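The number in the working numbering is simply the position in the sequence shown, starting from 1, with 65 added.
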Amino acid sequence: MAHTMLLLCTVISVCLFLAASALVPPHTIQQAPTTVRAGYYFAADAQLQPLAHLDASLYTHLYYCSLTVHPTRRTLQLPADPAQARLLATFSRALKAKNPALRTVLSIATAGTDAATAGAASPDPAFAAMAADTESRAAFIDAAVGVARENSFDGIDVAWRFPASAMEMADFGSLVSDLRGAAPPGFLLTATVYFSNHVFGADANYPSEALAESLDWVSVMAFGLRPAGAASASDSFTAFDAPLYDAASHFSASYGVVSWLDAGVPAGKVVMGLPLYGRSWFLRNKANSGVGAPVVAAGPKQRGSNTTGAMSYAEVQALAATRAGRAPVMTSYDNASVSSYLAVGDVWVAFDGVAVVAEKLGFAARRGLLGYFLWPVNYDDDNLTVSWRASEIWEQSKVSSDSRNATDVRQRKAPLELPPALRSTAPASAPVPVPTSSSFSWLSRNKLDAHLHFAVLLLLLHQQ
């Protein structure tokens, strides 16, 4: 009897060890980042901020944004332009020469990714077809990991904007899981994502459990809530593009972040996005320039960002400086939503000023998030004002919030009607289940059941 009890205790101990080891995926045995101060660098806008001008010490991670999937071959498409090819080849080495501790990530995105369409879907049939097919997915992963390692990148980011149905969400989960399986030890894997649930009004939820298990973190695009040119009646008035809070809807940065925490993703695997662009309109009456004022069209096309209805942070500052004295300039900060806007004559721009950035980073620190990213760093001004201040504020916020409990989410969490630009006509298949915060973080019930059945089987064999 004593011998049987000893064997039973031994078997149970082994099973508990196996269960505990399943709590952390193998790749996380490598040293994980303790904080993230990241920036996305748009290769297509390299002329706005050459690599030589970036202060690499302001970031822990910089993303090369981006490569795409070939429209017919369903594999990785490399830059055809010689200048872009050189940038890809020199990106990591040039930046690491200035900051050896920096880690660089190769972002692979759906076609058409840019700042102006930050919150809009970029339908890419080739990307979706690649993710849906096992052989195409394997060939893509092999090419992507190979290109990243050949060019001294430390990881890969998957920026599918955005899976538009439950089936595509399942394919997305398979893609990141296969990537993790093929990646070498210590290789970073991240994903650029939207809110975790109710994407596109098709009841399409991200496969949060698969993402949490396979990725080092998710980069939440907590902006782009008013895409330029969205075909809706709301385009007839001014509105904030990335408010931290919204008491009337879930179109807020805080909702986007909390949706991932509620889906069971640890706060230490969530990175919050901050826009370095502003959304602009022409006012119908420049005497009426508040939030909700009537507008007649998207704002002026800018020479640098080359986009109608959007301005880089540098262009917003230049607009205020050049028009001062010639037209009334009004900058306003909205405390309720934590947003700011600039009105210069008949031009109205919603943007994140330094005060807004400070409040958002304070929120992220209080929630215990891993860090933040700037989208894109090319759009900062010549002094890298936002990059500098964000880095300083983040370190201060992290220190001051270490012993604090976060309870400051002030907007409703129930999903409301999505913006028309985010709706999809794609048919919805069976939704992918999303774990709640009460679910197991890493250990599935199936694994636990298997361990316990194994223990019982050993005991029965011994008794025989």
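Backbone N, C-alpha and C define an ideal beta-carbon position, used for all residues, glycine too. Computed from a prediction, not measured in an experiment: that's the story for all the values here.
Query	Result
Whole-Å CB distance - R102 paired with Y320, under 8 Å assumed	About 23 Å separates the two Cβ atoms, so there is no contact after all.
Straight-line gap, P165 to N216 (C-alpha atoms, nearest Å)	15 Å
For M234, three-class secondary structure by DSSP	helix
Cβ-based burial, P228 [other Cβ within 10 Å; buried from 16]	buried
For Y105, the first and last residue of its enclosing beta strand (DSSP E)	101 to 107
Proximity below 7 Å, CB of A415 to CB of F305	yes
Backbone CA spacing between G575 and A197 [nearest angstrom]	Residue coverage of the chain in this structure runs from 66 to 529, which leaves residue 575 outside it and unanswerable.
Integer Cβ distance of L385 from L407, believed to fall under 8 Å	Inspection of the sequence shows that residue 385 is occupied by Ala rather than by Leu. Their Cβ separation, rounded to whole angstroms, is 6 Å, which keeps A385 and L407 in contact under 8 Å.
Residue range of the alpha helix (DSSP H) that includes G427	419 to 431
CB contact flag (T140, A204, <7 Å)	yes
Pick from Y129, D327, A117 that is closest to W440, judged by C-alpha positions	Y129
Best match in L152, V451, S279, V258 for proximity to Q382 [C-alpha to C-alpha]	V451
Opposing strand residues paired with H263 [DSSP bridges]	Its beta-bridge partners do not exist; DSSP assigns none.
Start-to-end residues for the beta strand (DSSP E) that takes in W325	Per DSSP, W325 belongs to no beta strand (DSSP E); it is in the alpha helix (DSSP H), 318 to 327.
beta-carbon A307 near the ligand FAD non-hydrogen atom, thresh 6 Å	For the ligand FAD, the structure offers nothing, since it holds no ligand at all.
Residue from A148, H126, L123, A97 with nearest C-alpha to A108	A148
Cβ shell of L449 (< 7 Å), same chain only, five flanking positions each side left out	D120, L123
Of the listed residues V356, F260, V464, T137, nearest to H315 (C-alpha basis)	F260
For G246 and L508, the rounded distance between their alpha carbons	Caution applies to L508, whose pLDDT of 38 falls short of 50 and renders its modelled position unreliable; the model cannot decide the point.
CB of L434 within 7 Å of CB of A332, strictly	yes
Sequence-distant residues of its chain with Cβ nearer than 7 Å to P115 (five each side left out)	none
Buried versus exposed call for Q367 [16 or more other C-beta atoms within 10 Å across all chains shown]	buried
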